Amino acid sequence: MRRLLLYIIVLTTGIIFLGRLFYLQVIDESFAQLSENNAVKVVYDYPQRGYIFDRNGQLLVSNQPSYDVMAIPMNVKAFDTAEFCRILNITPEKLVEKLDKAKIYSPRLPSIIIPQLTKSEYAYFQEKMRNFDGFYIQKRSLRDYQTHNAANVLGYIAEANKKLIAENPYYISGDLVGQQGIEGYYEELLRGVKGVQYIQKDRFNRTIGKFKDGIFDTLPQKGRDLSVTIDANLQAYGEKLMENKRGGIVALEPATGEILSLVTAPSYDPALLVGRQRSPNFTKLYYDSIAMPLYNRSLQAEYPPGSPFKTINALIALQEGVVTKGEKFTCNNGYFYGRGRRMGCHPHSSPLDMIPGIAQSCNAYFANVYRRAIEKYPTPQEGIDTWAEHLRSFGLGDYLGSDLSTGRPGKVPNADYYNSIYNYPNRKWYASATLSNAIGQGEVLTTPIQLANMTAAIANKGWFYTPHILREIEGREIDKEYTEKKYTTIDSKHFEPVIEGMHQVYKSGTAATLRIPGIEIAGKTGTAENFTKIGGKRVQLTDHSIFIAFAPVEDPKIAIAVFVENGYWGGRYAGRIAGLMIEKYLKGSISRTDMEEWILTHSLEEEYAKPQSGEPFIINQ
Amino acid sequence: MPKSTVNFDWTTIFIYLLLVVFGWVNIYSASLGDSTSSIFDFGEIYGKQGIWILLSIVLVIITLAIDSRFYQRFSSVIYIFALLSLVGLFVFGKTIAGQTAWYVFGGVSIQPAEFVKAATALAMAKFLSGIQTNLNLFKHQLQAFLIIGLPIVLVLMQPDPGSAMVYFAFFFPLYREGLHYAYLLLGFLAIVLFVGTLLVGPLWMIPAVLVLSLTLFIANRKKRPSLIKYFFTAIVAIGFSLSVNYVFENVFKQHHRDRFNIVLGQEVDARGIGFNTNQSEIAIGSGGWIGKGWTEGTQTKGKFVPEQHTDYIFSTVGEEWGFFGSFVVIALFVLLLIRILHLAERQKSTFNRVYGYSLAGIIFMHFFVNIGMVIGIFPTVGIPLPFFSYGGSGLWGFTLLLFIFIKLDAERMSFW
């Protein structure tokens, strides 16, 4: 038996297979019939892609029909190519090339010959189509933008590439797929599910009905409509203010973590990436390596945070118990440490305690406070790690996890990082070596959205919701990730003096000239040094202008971070823009028209041209 | 060496050649584009396969040139290297269509799992040929299962359940060398219970198991069977049956469930998977007695059958060569398997016999699962048809597996 078993199994299998094959091939005639009819044509029924609305129900993105000219090469008969080319406005060479390509792909399967006709082209072609055997029209739905803004938030749709088609069997050649932004992240919800019909054809390629009475057919499922958290008016206003500048604005609703506006500049009109002009337009945007309009600065640009970072250092010091809000520190036009080294400061009254320390943005105050927080621990390593943990609880130093398709982690240095750059343990390092962190000018990097989220956490006195762009899906809950409070490691009682300090920034401090009548704002200016490389040499550029704020102080409705590249000091560009955005959102109209006019009439293009000019230039004018 | 060359089993080599050549002929048809080009066009699938086939001649020569004692002596080392090659995939491997199963060198992708089968066969042969090895000892049974289990786990992690399934082939040599038949019976019963439960549900399977146990118990009552054993077995069977539902609904993925349901006729698939099997059946069924002729298959040319040049290559045979062609291919495989079993039985060394049985088992599993799938009597499991399907790693893996045995057989006398 042990010898025979496998023999028996092999022979039995052979007999069963031959029996089954005999049945399939010789006895059952229906298969031969089915195949002789040559078979089955697959027709896809594309559902409407879901609409996108803003937080107030304003329609941002809808659909428009578009028509692709398709051909099945084996059915194409000789036709009047001159007329065809004239109607559809293409060159004969292009037509021949397209048809050859289609033939190589498959003579029996449809290929797109001309994508995305306009309505009028379609109407004209429709009339003449009977002259062109083997061609037909496939209707698709394209995006129709009701807004000229928020291109980087919305994303776009484009034909599925070869890689995606190979990876995901849902998509076939010619399908449109969401890319970037909301279109990309919520692709599966927006697109719905396409329906399939299997149609039986006879030998002459005539339709003779549904294959197997339609048991394999499916109906299309409509895409879901989405509401996003963006306020379209505020977004449009933000983009207008950022014209001729580079940088980002992120405004959040602190109570929910909803993104009210997400501006990156320069940007582009989303309508550029629709239809037949999509490809050349995209190429133009893609290769603009200087302004980089496809680069989402509010999500991806990692800048040193500058002085707004002082607020968080104050909070850490209070939480660690190394300072009280009333304790004063002297500023001698700067802070002296080590052997004759000095961190400069600007003129203001001295000594200062915490509230005026923030209001006047005193570097010496924060150098003292930061040092104490680090030196509280026996080794600088432990000190830095504790400090870094506090920062991380504010969502800094790692991907925020928002539902936007791109992002950057920023950077929060820890002990390992300093050990490696200072070659520990061969050489030792101390808190003073990391002192630039005290004023947000050291190794720390943040993206504008991280900074806005940090501001929201301060406004909320110690917690935040992960910033998100999706407000509502038709018939579904939004992800739990965005409805769970995240707590910072700072107790809520420590936020009072810091918020008061930020309030004083507007009353008596660095933003006193930017007050908005009738709105109590808490804010913080920032000015960050930055460098670039020109011909391999490190060159300093004009400082970045930074501002964070939230308002109203008592009941925060909006938290905002503004970053203007090379805008010089914080109050100059970023502070003005933040104030205008807050007033626009809370009041709907602008009373500081002087500020608005200043922003709209000032351009930084000249500043951006400097490093490209190849000539020596002066910064910070 | 001169003595052994005359002893090569030319029958096996001849069948191998027929399968490889006929396989290429069908791959050519299934992958034929519309532009005519040289048969060694590297850009075309049939051109690539042609190169692989030519290169496998080199592989054959090397395999036959190595002293057969090498395979025996270094089997453990080869096995360990093979396992490492699977582990390495998770670091250096490339993920294609969801499976981390490939190393890519330049434009060439290699699937190490195809070579691991041969290494496992060598390791198993080495283990079972040990003088101490006694398959009645639980400890040795465990060791044997470990040899099979390691590659299974690594292959499952890719994940490639089809290739993992092939390792059940090693139960054949184990059974041949004295493993208790209960293991085979248990495996068989598990399959019957599994399929049965899915077909009619546990509500019917439980009484069926109880009635069957009772009948067996009464039929055997003269042998004074132990009631407890019967009772225990029935309870385990019922427990298994109940767990099948759970596993099916919660562990299997939707596409696995669909594949089972289609074959079991439980539901008509609406997502297009059933459509594929259906198209494959139409292709084969439309072949008739003698087929539509080479490169004349309308189903094949219309690209109706998915993956036709790889896993579904047999549907091209059925359509273009008809029942006649299918018969020849089935017959060739049956003959090859019987020839290998015959050769295995005439070996004097346990090592050679176990290796031969492993070889037969592996080829059989591929043959059974692949053709069963293509003709619609087995769920869709993506494994290739040996020597036939497109794919360099597969072809080389099987060539290596087979020719090591031919070499072992050729030198079977020189050991003693």
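Residue numbers (the numbering used here), protein chains in the order written: chain A, 1 to 621; chain B, 1001 to 1416. In this text, a Cβ means the ideal position worked out from N, Cα and C, and glycines have one as well. Quick caveat, the model's predicted, so the values are computed rather than measured.
Residue environment, residue i, which counts as buried when at least 16 other CB atoms sit within 10 Å
i	result
leucine 1017 of chain B	exposed
asparagine 89 of chain A	exposed
aspartate 1034 of chain B	The pLDDT assigned to aspartate 1034 of chain B is 48, lower than 50, so where the model puts this residue is not dependable, and the model offers no usable value.
threonine 1005 of chain B	In this prediction, threonine 1005 of chain B scores a pLDDT of 46, lower than 50, which makes its location untrustworthy; the coordinate-derived value is nonetheless stated afterwards. Threonine 1005 of chain B comes out exposed.
proline 254 of chain A	buried
leucine 1137 of chain B	exposed
glutamine 360 of chain A	buried
tyrosine 1181 of chain B	exposed
phenylalanine 1405 of chain B	buried
glycine 14 of chain A	buried
leucine 1179 of chain B	buried
lysine 128 of chain A	exposed
valine 1268 of chain B	Residue confidence is low: valine 1268 of chain B scores 45 on pLDDT, short of 50, so the model does not pin down where it sits. Its coordinate-derived value is still stated next. When all chains shown are included, valine 1268 of chain B counts as exposed.
tyrosine 51 of chain A	buried
Cross-chain neighbours of residue i in chain A, by beta carbon under 9 Å
i	result
tryptophan 1289 of chain B	Gln25 and Val26
arginine 1176 of chain B	Arg2, Arg3, Leu5 and Leu6
serine 1172 of chain B	Before going on, a small fix: residue 1172 of chain B reads as phenylalanine here, not serine. Chain A residues near phenylalanine 1172 of chain B: Leu5, Leu6 and Ile9.
valine 1305 of chain B	Here the premise fails: no neighbours, minimum Cβ distance about 11 Å.
glutamate 1345 of chain B	Arg3
valine 1058 of chain B	Correct list: empty, because the minimum Cβ distance to chain A is about 31 Å.
valine 1166 of chain B	Chain A residues near valine 1166 of chain B: none, gap ~15 Å exceeds 9 Å.
Whether residue i touches residue j by CB criterion (9 Å)
i	j	result
valine 61 of chain A	tyrosine 186 of chain A	no
serine 1068 of chain B	histidine 1309 of chain B	no
glycine 579 of chain A	glycine 526 of chain A	no
glycine 1382 of chain B	glutamate 1114 of chain B	no
leucine 252 of chain A	threonine 455 of chain A	yes
glycine 1288 of chain B	glycine 1297 of chain B	no
isoleucine 469 of chain A	valine 228 of chain A	yes
phenylalanine 550 of chain A	glycine 440 of chain A	no
isoleucine 113 of chain A	alanine 151 of chain A	no
leucine 396 of chain A	proline 270 of chain A	no
lysine 634 of chain A	alanine 265 of chain A	This structure leaves residue 634 of chain A out entirely; chain A is present only between 1 and 621.
glycine 357 of chain A	valine 562 of chain A	no
Proximal chain B residues relative to residue i, where beta-carbon distance stays under 7 Å
i	result
phenylalanine 31 of chain A	Glu1281, Ile1282, Gly1285 and Ser1286
Listed by chain order, chain A residues near residue i by CB distance under 7 Å
i	result
leucine 1341 of chain B	Leu6 and Tyr7
isoleucine 1338 of chain B	Tyr7 and Val10
valine 1000 of chain B	Missing from the structure shown is residue 1000 of chain B; chain B here goes from 1001 to 1416 and no further.
valine 1155 of chain B	Per Cβ cutoff of 7 Å: no residues; valine 1155 of chain B is ~21 Å from chain A at best.
Extent of the continuous beta strand (DSSP E) run through residue i
i	result
proline 1159 of chain B	First-last for proline 1159 of chain B: undefined, no H or E at that position.
proline 544 of chain A	A quick correction: the sequence has histidine, not proline, at residue 544 of chain A. That run of the beta strand (DSSP E) goes 537 to 551.
lysine 1223 of chain B	Lysine 1223 of chain B -> no beta strand (DSSP E), and no H or E assigned at all.
lysine 1292 of chain B	Premise fails: lysine 1292 of chain B is in no beta strand (DSSP E) and is neither H nor E.
threonine 1100 of chain B	1099 to 1105
glycine 344 of chain A	341 to 344
glutamate 159 of chain A	156 to 159
lysine 1094 of chain B	1094 to 1096
proline 356 of chain A	No beta strand (DSSP E) contains proline 356 of chain A, which is instead part of the alpha helix (DSSP H) from 354 to 359.
aspartate 144 of chain A	135 to 145
serine 589 of chain A	Taken as a continuous stretch (DSSP letters only), serine 589 of chain A belongs to no beta strand (DSSP E), as it is neither H nor E.
Limits of the unbroken alpha helix (DSSP H) element including residue i
i	result
isoleucine 521 of chain A	Isoleucine 521 of chain A -> no alpha helix (DSSP H), and no H or E assigned at all.
serine 1326 of chain B	1313 to 1345
tyrosine 122 of chain A	119 to 128
aspartate 269 of chain A	Premise fails: aspartate 269 of chain A is in no alpha helix (DSSP H) and is neither H nor E.
Interface residues of chain A facing residue i [CB-CB closer than 8 Å]
i	result
isoleucine 1330 of chain B	Gly14, Phe17, Leu18 and Leu21
isoleucine 1375 of chain B	Phe17, Arg20, Leu21 and Leu24
Chain C within 9 Å of residue i, Cβ atoms only
i	result
leucine 1184 of chain B	Absent from the structure is chain C; the protein chains it does hold are A and B.
Any non-hydrogen atom of the ligand SAH closer than 8 Å to residue i Cβ
i	result
valine 69 of chain A	With respect to small molecules bound, the structure shown includes none, and the ligand SAH cannot be examined in it.
Near-chain A residues of the stretch 1350 to 1373 of chain B (beta-carbon distance less than 9 Å), N- to C-terminal order: Against chain A - using a Cβ distance shorter than 9 Å - the residues of the stretch 1350 to 1373 of chain B are Tyr1357, Ala1360, Gly1361, Phe1364, Phe1367, Phe1368, Ile1371 and Gly1372.
Interfacial residues, the stretch 1311 to 1326 of chain B to chain A, with Cβ spacing under 8 Å: When C-beta distances to chain A are compared with 8 Å, the residues of the stretch 1311 to 1326 of chain B below that value are Gly1318, Glu1319, Gly1322, Phe1323 and Ser1326, in chain order.
The stretch 9 to 23 of chain A: positions lying closer than 8 Å to chain B by Cβ: Contacts with chain B (Cβ-Cβ distance below 8 Å) from the stretch 9 to 23 of chain A involve Ile9, Val10, Leu11, Thr13, Gly14, Ile16, Phe17, Leu18, Arg20, Leu21 and Phe22, listed in chain order.
The stretch 1001 to 1030 of chain B: positions lying closer than 8 Å to chain A by Cβ: Within the stretch 1001 to 1030 of chain B, no residue places its CB atom closer than 8 Å to a CB of chain A.
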